[in-house]
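Protein chains in written order, with the numbering used here: chain A, 13 to 716; chain B, 97 to 410.
From the three backbone atoms N, C-alpha and C, an ideal C-beta is built for every residue, glycine too.
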């Protein structure tokens, strides 16, 4: 005998009430009105009869009524074994995603995640299909659905646990959006493969497809791509959140030059941003330099950062070993994000090949102006190289200026220069210069006679959409009317079909022409820039125009100093014949295949050195600052982005089992309906009780 | 001093249980008095009389009707003959209407019995030509009608007796004090109560009334259940006046109760004897005619010296 609502059995305790009433009834409750109690003294009740129960039969009937009533409410039923279920629940497709980002390196988190993973794997059934993925910046399959199905059915969970035991958290950021979307694609791609068991059972039930996410779900995880993602029907996400032992976390970020205007200079030092998590319990930190080997150099600076806020501080630049520095944050519970690696920006030498008159002090020549226009900057040292023809052009020059009348050898060199993807500026400052142009373009017969100019001409049409002139597109800088041109050569464009005129004079003749040759660009000017021909070298447009030309070949910031873990790094072209090699912080040297210009093995933070560059180039790889934002992410943020969340599958499985047992019990109870018989018993007993009580009352009345 | 005990002679008299089935109080009184009247001989006490007082010489302006012509004939002087009025009997009925009077085990309460008794006496006296007054009290005086003999007075008196009880306790001191203040002329006071109050204070105030020269007759009414405590089952006994409840088993408490009641009755009787008050202990199952008889007996005892005289001097 079992009960559907066993708590009602406690109602049988109410049998104490009739027993109590039967005892209490010994004391007469009759009342008699009397004129005066002047002569009446209270009589002590007769205690000898108090403890004796009267009317045993009545009492027994009343107790039975209560017991039967409580048993009826408890809904009894006779337990029978559940019928064997012909229907087997359909298997599930589980894509288990375990967060292996840097924030999982916090104390105890990875072990919790592993435990949770093992629990999930042990709760799988033989019908389930499981795939295991680790993710940080990208989703990495650890065990695919196919591998799972190849495992023996009984050992699937244990083998999967064994496979997962080798996982360790990396240093990457948490790209949760990428991971979820990739997992959805995995699930959708594997939907077609059904298990043989399913086909045999002939069930038509839809397979549950679920992503189980085991993560610390920190605030800094990336969710941007989920915003516009159309989540497919039928795939749900169950979150298994793991919680760290301590919530205090602070991180440090180097604000490198590429991030803004901050720069390491001898006087100013470097700037760092220190974050403190919103749920942190610490506020006082200490920051100081350390060497690459981890030896602290200075005693550091105290920093006060309240929880949920950040501070930017400037650290004085110590005289360290060249180009190798790191900053260390102390006073934090979680140290995975307490080191920021720093490299000094190298001064880049930018050689420019200049062909033509090179008199330093002759203001009638263009060299005079170009030499003064390119000043040394923090990151660049521009040098005009070349000598009187026929000196060979330096191979590492990034830009070439051809003025005067370049010889055939110089023109041929410039042609090779163009073929390697570099840019050449050719000024037709005399009709004779067209010969060099013919060699350069390999098109004989190009003519450029002197144009007849009465007074001066101005620039008419200017194509500001061209990258070269784009810096002048702003109306504040687009006024070229103050530049007068007295002499120019009328170039016949018919001979140069690929030429693109980007600027014309007001009479319609071309002034500036972009002519792609090989991999590079040849910029033709039909007028000289020196003051004999025009006012361009003296105008305010001259220096910006030169830098615009330089940026076409050598853009600033092309050598980034800082990357996040996992970022691909663009490498400079190697010296001809040399191999591309990068030295990692661990000391190993990675040799890249020939032709590879990107290095993507930035899997750990530290200083990387490109050995193949001359001089060797260094860059720092640091943790994504978002990893330091370790405050737990509210699940509603995921729901807001359309992720269909489910309760944790472990709990769900237990609840489902309990619910099934309850349903079976309810079914049995509904079939047997024993409570009806109990209610009938109660009614019969009540009739008997009424009869006995009436008989007793009559007897008492008679005796009275 | 007589006592109409519970075993008193009833004979052909009317059983109070039957009498009380008559709802109208006036009718009940009339039934009692008529039955009693028929059994009596002619009363020697009714009627008016004047008593010769003195002679006074005539002075001009006096009414010549009162000249004693016989004396003039004898002495040839004018004298006026003066008479002394013999006053009518002024009887006041003092009726206790406290809550305790509303207890009854015979189907009617002591208050009903007392009301009927008072009404019968009033009817009887009124028919006799005496002035009857009424004072109904509980812990204070509720109704007071001065002693009169007028055609509508009896009706007012009946209405006052029929009023329901409004008081709670029995306090004899205040009403007795008030009657002493209100009834200045000496008269006859008939006191009807169950005397469920301390005898000491009762005695004190009765003595005061006696000092005024009032003649008094006290009917001490008790229900048979109060006398015998003849209840069967143990129960909580609730005081009808105070509401106090006491658990009492009558079989155990009866003896002590009767002893204390007897002591109370004895004390009341002794107090009345000391003060020269006629005390009648009347159980409510006794016929009312006995009470009337007791009244007349008391009057007889009180006025043996009363002489009947002619209105005019002979």
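{"Query": "Using a Cβ-Cβ cutoff of 8 Å, what residues of the stretch 682-713 of chain A are near chain B? List them in chain order.", "Result": "none"}
{"Query": "With DSSP collapsed to three states, give me the class of residue 527 of chain A.", "Result": "strand"}
{"Query": "What residues from chain A crowd round residue 245 of chain B, counting only those whose CB sits closer than 8 Å?", "Result": "Near residue 245 of chain B there are no residues of chain A at all, since even the closest Cβ is about 35 Å away, more than 8 Å."}
{"Query": "Interface residues of chain A around residue 337 of chain B at Cβ under 7 Å?", "Result": "48"}
{"Query": "Name, please, each residue of chain A whose Cβ falls closer than 8 Å to the Cβ of residue 315 of chain B.", "Result": "Neighbours of residue 315 of chain B on chain A: none; closest Cβ ~16 Å, over 8 Å."}
{"Query": "Using only the alpha-carbon positions, how far apart do residue 436 of chain A and residue 532 of chain A sit?", "Result": "8 Å"}
{"Query": "Tell me residue 175 of chain B's beta-bridge partners as DSSP assigns them.", "Result": "B/153"}
{"Query": "Please return the same chain residues whose Cβ sits closer than 6 Å to the Cβ of residue 505 of chain A, not counting the five positions on each side in sequence.", "Result": "511"}
{"Query": "Compare the beta carbon distance of residue 542 of chain A and residue 417 of chain A with 9 Å and say whether it is the shorter of the two.", "Result": "no"}
{"Query": "Measure from the alpha carbon of residue 360 of chain B to the alpha carbon of each residue in B/316, B/279, B/224, B/195, then state which is nearest.", "Result": "B/316"}
{"Query": "Name the one or two DSSP bridge partners that residue 360 of chain A has.", "Result": "A/392"}
{"Query": "If you draw a straight line from the C-alpha of residue 51 of chain A to the C-alpha of residue 18 of chain A, how long is it?", "Result": "59 Å"}
{"Query": "Look at the alpha carbon of residue 53 of chain A and the alpha carbon of residue 204 of chain B, and state the distance between them as a whole number of angstroms.", "Result": "26 Å"}
{"Query": "In chain A, what lies closer than 7 Å to residue 322 of chain B by C-beta?", "Result": "47"}
{"Query": "For the alpha helix (DSSP H) holding residue 209 of chain B, just list the boundary residues, first then last.", "Result": "206-224"}
{"Query": "Can you check which of these residues, A/303, A/297, A/421, A/220, is closest to residue 323 of chain A by C-alpha distance?", "Result": "A/297"}
{"Query": "Quick check: the stretch 214-225 of chain B against the stretch 126-133 of chain B, are at least 3 beta-carbon pairs closer than 8 Å?", "Result": "yes"}
{"Query": "At a Cβ threshold of 9 Å, is residue 199 of chain B touching chain A?", "Result": "yes"}
{"Query": "Whose C-beta lies closer than 6 Å to the C-beta of residue 269 of chain B among residues of the same chain, with five residues either side of it excluded?", "Result": "297, 301"}
{"Query": "Check whether the Cβ of residue 232 of chain B lies closer than 9 Å to any Cβ atom in chain A.", "Result": "no"}
{"Query": "With DSSP as the reference, identify every bridge partner of residue 537 of chain A, one or two as the case may be.", "Result": "A/439, A/524"}
{"Query": "Less than 6 Å between C-beta atoms, sequence neighbours within five positions excluded: which residues of the same chain meet that for residue 687 of chain A?", "Result": "84, 87"}
{"Query": "Return no unless some Cβ of chain A is closer than 9 Å to the Cβ of residue 203 of chain B.", "Result": "no"}
{"Query": "Would residue 536 of chain A pass as a contact of residue 430 of chain A if the rule is Cβ separation under 9 Å?", "Result": "no"}
{"Query": "Any idea what DSSP makes of residue 317 of chain A, helix, strand or coil?", "Result": "coil"}
{"Query": "Distance check for residue 145 of chain A and residue 108 of chain A, CA to CA, integer angstroms please.", "Result": "6 Å"}
{"Query": "Can you pull the chain A residues whose beta carbon is under 8 Å from the beta carbon of residue 326 of chain B, in chain order?", "Result": "None at all; the shortest Cβ gap to chain A is about 12 Å."}
{"Query": "Report the rounded CA-to-CA distance for residue 247 of chain A versus residue 349 of chain A, giving the unit in angstroms.", "Result": "34 Å"}
{"Query": "So which residues on chain B does residue 53 of chain A lean against when the C-beta distance must stay under 9 Å?", "Result": "342, 344, 349, 352, 353, 356"}
{"Query": "Please report the Cβ distance between residue 192 of chain A and residue 649 of chain A, rounded to the nearest whole angstrom; I am assuming they are in contact, meaning their Cβ atoms lie under 8 Å.", "Result": "13 Å between Cβ atoms; not a contact."}
{"Query": "Whole-angstrom Cβ separation of residue 287 of chain B and residue 312 of chain B, contact assumed at under 8 Å?", "Result": "6 Å"}
{"Query": "Could you confirm whether any beta carbon from chain A is found closer than 9 Å to the beta carbon of residue 196 of chain B?", "Result": "yes"}
{"Query": "Determine whether the Cβ of residue 42 of chain A lies closer than 9 Å to any Cβ atom of chain B.", "Result": "yes"}
{"Query": "In chain A, what lies closer than 7 Å to residue 331 of chain B by C-beta?", "Result": "40, 42, 43, 44"}
{"Query": "Using CA coordinates, which residue listed in A/119, A/693, A/358, A/425 is at the minimum distance from residue 82 of chain A?", "Result": "A/693"}
{"Query": "With C-beta atoms as the reference, is residue 300 of chain A less than 9 Å away from residue 342 of chain A?", "Result": "yes"}
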